[in-house]
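Read the structure below first, then the notes.
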Amino acid sequence: MITLAPREFHLFQAAGRDFLYLVPSAAIFALDDITSAVLAAVTGTKRSEDGVVDALAERFDGPTVREAVADLLSVRAIGYEHEPESRTPRVLPLIPAALPTGRTGVIPLTTMVMNVTNQCNLACTYCYEYGEDKIVDTEHGRKPKFMSEQTARESVEFLLRESGSVAHLTFFGGETLLNFPVLQSTVAYGRRRAAELGKSIDFSLTTNATLLKPEIIAFLVENDVGVTISIDGPREMQDRFRVFHNGAGSYDVVAPRIKELLKRHRSKPIAARVTLTSATLDITRIYRHLTEEIGFGEVGFAPVTTSPGQGYAIGERGFDSMLAQFRALAQEWLACSLENRHHGFSNVTESLEEIHKGVSKAYPCGAGLGLLGVSTDGDVALCHRFAGSDAHKLGTVRDGVDRDAQVAFLERNHIADKTDCSRCWARPLCSGGCYHEAHVRYGTTTHPNLHYCEWIRGWTDTCLRLYGELSERNPAFLARFDREEVKAEAVV
Amino acid sequence: MRHLKPINQKAGRVVDHVANQKHDVVALQQPPFRPHLPLGCTSLFSPGWEADQAGGTAGLCTPVERDIFDCHISCFWPAQVPDMLNHSPDWTGKCAAAQKDWRKIDLVFP
Chain X
316 MITLAPREFH
326 LFQAAGRDFL
336 YLVPSAAIFA
346 LDDITSAVLA
356 AVTGTKRSED
366 GVVDALAERF
376 DGPTVREAVA
386 DLLSVRAIGY
396 EHEPESRTPR
406 VLPLIPAALP
416 TGRTGVIPLT
426 TMVMNVTNQC
436 NLACTYCYEY
446 GEDKIVDTEH
456 GRKPKFMSEQ
466 TARESVEFLL
476 RESGSVAHLT
486 FFGGETLLNF
496 PVLQSTVAYG
506 RRRAAELGKS
516 IDFSLTTNAT
526 LLKPEIIAFL
536 VENDVGVTIS
546 IDGPREMQDR
556 FRVFHNGAGS
566 YDVVAPRIKE
576 LLKRHRSKPI
586 AARVTLTSAT
596 LDITRIYRHL
606 TEEIGFGEVG
616 FAPVTTSPGQ
626 GYAIGERGFD
636 SMLAQFRALA
646 QEWLACSLEN
656 RHHGFSNVTE
666 SLEEIHKGVS
676 KAYPCGAGLG
686 LLGVSTDGDV
696 ALCHRFAGSD
706 AHKLGTVRDG
716 VDRDAQVAFL
726 ERNHIADKTD
736 CSRCWARPLC
746 SGGCYHEAHV
756 RYGTTTHPNL
766 HYCEWIRGWT
776 DTCLRLYGEL
786 SERNPAFLAR
796 FDREEVKAEA
806 VV
Chain P
47 MRHLKPINQK
57 AGRVVDHVAN
67 QKHDVVALQQ
77 PPFRPHLPLG
87 CTSLFSPGWE
97 ADQAGGTAGL
107 CTPVERDIFD
117 CHISCFWPAQ
127 VPDMLNHSPD
137 WTGKCAAAQK
147 DWRKIDLVFP
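As you go down the protein sequences, you meet chains X and P in turn. With the first sequence counted from 1, adding 315 to any position gets you the working numbering. With the second sequence counted from 1, adding 46 to any position gets you the working numbering.
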C-alpha cells in the first residue's frame, strides 16, 4: 500500500477557514473544505489515496478527493510515506570565486553600520555594549573611542565599493551624536562620492535622544537622515534602566527633544525602539505613551539581550505575558488595517512583510551578508553588535571583506546545521535568531536561541493569522508589502 | 490547482513552478500527474543488464539470461518472452532456478 503522509507545515485558522504555512518554502495557501478534510484524513492515520477516498466518501465524491490529493501533493503539503522528505539544501549564498556565468556570486553590501564612537553619555544597566554581557572592552580596549574622519571616509569608500546601486549607511554608537562632527562630514562626503559613482545612498542613525539639540535636528531634517530613537516608555520605565552615569534618569531630558524632532522631521517616519525587560513589560502602556503622548508613528519592541542570570532578563513567564500583550496590540493593528488606517506597532508590519514575500531564511539576518558593522578603527565585523570583536572580524574597510573568514562564518552558521531547528515550522522566519543574543546566551553564534522558541512560534502564529484575516477581509491592503527594493534593516 | 488558493507571493511562485514542471512520461498518462514509480528492470539492481569490465557479459555475477526473468515477471514486455498465459504455459518448466538451469529454457516457435 502506498501511504500518504503529511509533510512539514503549520496549519492555522483565520477568517473561519484553514490556511497552510508550508515549510520550508514559506508559501501560504488557503484550503477549501475538501483539502482541509484530506489533510485531516492523512494526519495521524496511515491511509493510501484510496483509503482517503473511502474515508471521505460520505462527504465528497471520489474524483474531487483525488484532485485535492493531487493539489496537496504538488505543493508538497503531503507526500508519499516511502519517499524520504527532501532536506533543506545547504546552499551558501556567497561564492568568492567567479561563477561560470561570469558573475562573482558575492552578495552586495546593502547596509553598513558605522560605530562612530564606542562612548556613551548614558549608562543603561542592561546595555549589551557596556553592561555585564559586553564582548568588547570599550573602556580600556585598544580601539579608539571615536572614529576619525579619515576612517569614516574610508568606510564610505568601502560601502560604495561593495554595494550595488543602492547603499544604506547607518550611524551607530555608543551614543552616535557624541561624534556629530564626523557624522556631519560623512553625510556630505557620502552624498558627493555616491553621486560621482552613480549610486544612491541614504543615511540613518540610532540615538538615545539626549543630544538632539535644535541645530542637530536641523541638520537631520535638511539631510533627510532617518532616525531611530532608543526609548523605553513613560518616565518610570525609561528611568529604570536608561540613566546617566550619575544614576539620574534620562526621561526629562529626552522627552522634549524627541517631541521637537517629531515636530520638525516629517520626511521619514521616526521610529521608537523599546527594550523590554522583566521590570518594564507593560507593552500596551508603553505603546500608548510613545504614540499618543510623545507622538511616534512607529514603535518596535525587542526583549533585552542578556545572559540568563541577570535580574532584568525576561524569564519564561515574562515571555508568556509579553506574547499575550503583543497579541492584544496586534489585534488593534488588525482592526486599523482592515479599515486602511495606520497603526504604529512595527513588529507586526515587519513580520507581515516577510510573511507576504514568503521569506525562507538560511540565516537569521543579513549580518555578514548584506549587512556589516564597522568599528571605530575601521575593522569590519559581522554587525554593529560585534564591531570591535576580533573573534568576529571580517576584514577592514581598507583591505575589504576577508572572503575566507566570511565563507567560514556562513559555513558554520547555516540553518541546515542547526539540528534543534530542523523540525521547527517557524524556521523559515526565525532561522535560529540573533547571532549576538546566541553569543551572549550560549557563547557561540551557531547556537539557536532556544530560550525563546515558544515565543517565536507563538508570535509567528499570531502574525500568520493576521495575514490570513487580511487576505480574506481586506486583500488590497497586502499590496503595501509588495515593494521590491531592499530596505535598510532596523539597527538596534 | 482548484482546491488551494495561493495567498502570499511565494505561494504564487510555487503554483508557477508546479505548472511548469516536467513530468515523467508514462504509458497511457493523463492528468493529474502522479509520480512514476518504476518497477522491474530500472529499479532493481540486475547485473544482467550491464557489461562486465571487459565490455562483454561473460564475467557477470548473474548470467545474462537472467534478464529474461526480470522482464518477464515484473515488466510488461511481450516481445521478449513467450505468452505464458495462452500458448506456452510450460516454457520454463524445466528451469527451476535461473542461475543454474537457464540452459534448459525451451525455445518457442510460434
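For each residue, glycine too, the CB sits at the ideal point set by N, CA and C. All values reported here derive from a predicted model rather than from experimental measurement.
Under the 8 Å Cβ criterion, the region 637-656 of chain X does not count as touching the region 688-704 of chain X, having fewer than three qualifying pairs. Contacts with chain X at 8 Å (Cβ-Cβ) include H49(P).
In the structure shown, G479(X) falls within a strand segment according to DSSP collapsed to helix, strand and coil.
E364(X) sits away from R391(X), with the two beta carbons spaced by 8 Å or more.
By the CB criterion at 8 Å, R508(X) and V481(X) fall outside the cutoff. Secondary-structure assignment with DSSP links M429(X) through a beta bridge to F486(X) and V689(X).
Below 8 Å, enough C-beta pairs join the region 418-436 of chain X and the region 482-496 of chain X to call them touching: three or more. Nearest to E784(X) by alpha-carbon distance, out of M316(X), E323(X), Q328(X) and T318(X), is Q328(X). In the structure shown, R581(X) falls within a coil segment according to DSSP collapsed to helix, strand and coil. P321(X) sits close to T358(X), with the two beta carbons spaced by under 8 Å. With 16 or more other CB atoms across the displayed protein chains lying within 10 angstroms of its CB, F334(X) is buried.
When the five nearest sequence neighbours on each side are left out, the beta carbons in the same chain lying within less than 6 Å of the beta carbon of A352(X) are those of L371, in order along the chain. Chain order gives the chain P residues near F344(X) as L50, K51, P52, I53 and A57, where near means a beta carbon separation below 7 Å. Assigned with DSSP and collapsed to three states, A57(P) falls in helix. Annotated as proximal: L793(X) and H671(X), with beta-carbon spacing under 8 Å. When DSSP reads this structure, T521(X) sits in a beta bridge with T543(X). Between the alpha carbons of H762(X) and A563(X) lies a distance of about 37 Å. Under the 8 Å criterion on CB atoms, F375(X) is classed as non-interfacial with respect to chain P. Ranking R600(X), R780(X), F473(X) and N662(X) by CA distance to the CA of R588(X) puts N662(X) first. Considering only N430(X), E668(X) and P743(X), the residue with the shortest C-alpha distance to S340(X) is P743(X).
With contacts defined as CB atoms closer than 8 Å, T522(X) and G693(X) fail to qualify as a contacting pair. I670(X) reaches chain P at N54, counting residues in chain order whose Cβ is nearer than 8 Å.
Collapsing the DSSP output to three states places H325(X) in a strand. When secondary structure is reduced to three states using DSSP, R738(X) falls in the coil class, being assigned neither helix nor strand. If you draw a straight line from the Cα of M47(P) to the Cα of V368(X), it comes to about 19 Å.
At a cut-off of 8 Å between beta-carbon atoms, I730(X) makes no contact with chain P. Take L576(X), set aside five residues on each side of it, and the residues of its chain with a beta-carbon closer than 6 Å to its own are L527 and I532, in chain order. Around T350(X), the beta-carbon contacts reaching into chain P at under 9 Å are H49 and L50. For V390(X), the chain P residues whose C-beta falls within less than 7 Å of its own C-beta are L50, V60 and V64, listed in chain order. Counting along the chain, no beta strand (DSSP E) covers I422(X), and no H or E run does either. The beta carbon of H325(X) lies closer than 6 Å to those of Y336 and W740 in the same chain, with the five residues before and after it left out. Residue-level contact by beta carbon holds for F334(X) and chain P, with a gap shorter than 8 Å. With contacts defined as CB atoms closer than 8 Å, P679(X) and G747(X) qualify as a contacting pair.
Looking at the backbone, the Cα of I629(X) and that of A617(X) are separated by about 11 Å. The criterion of a C-beta distance shorter than 8 Å is satisfied by L407(X) and L725(X). In this chain, T621(X) is not harboured by any beta strand (DSSP E), its DSSP state being neither H nor E.
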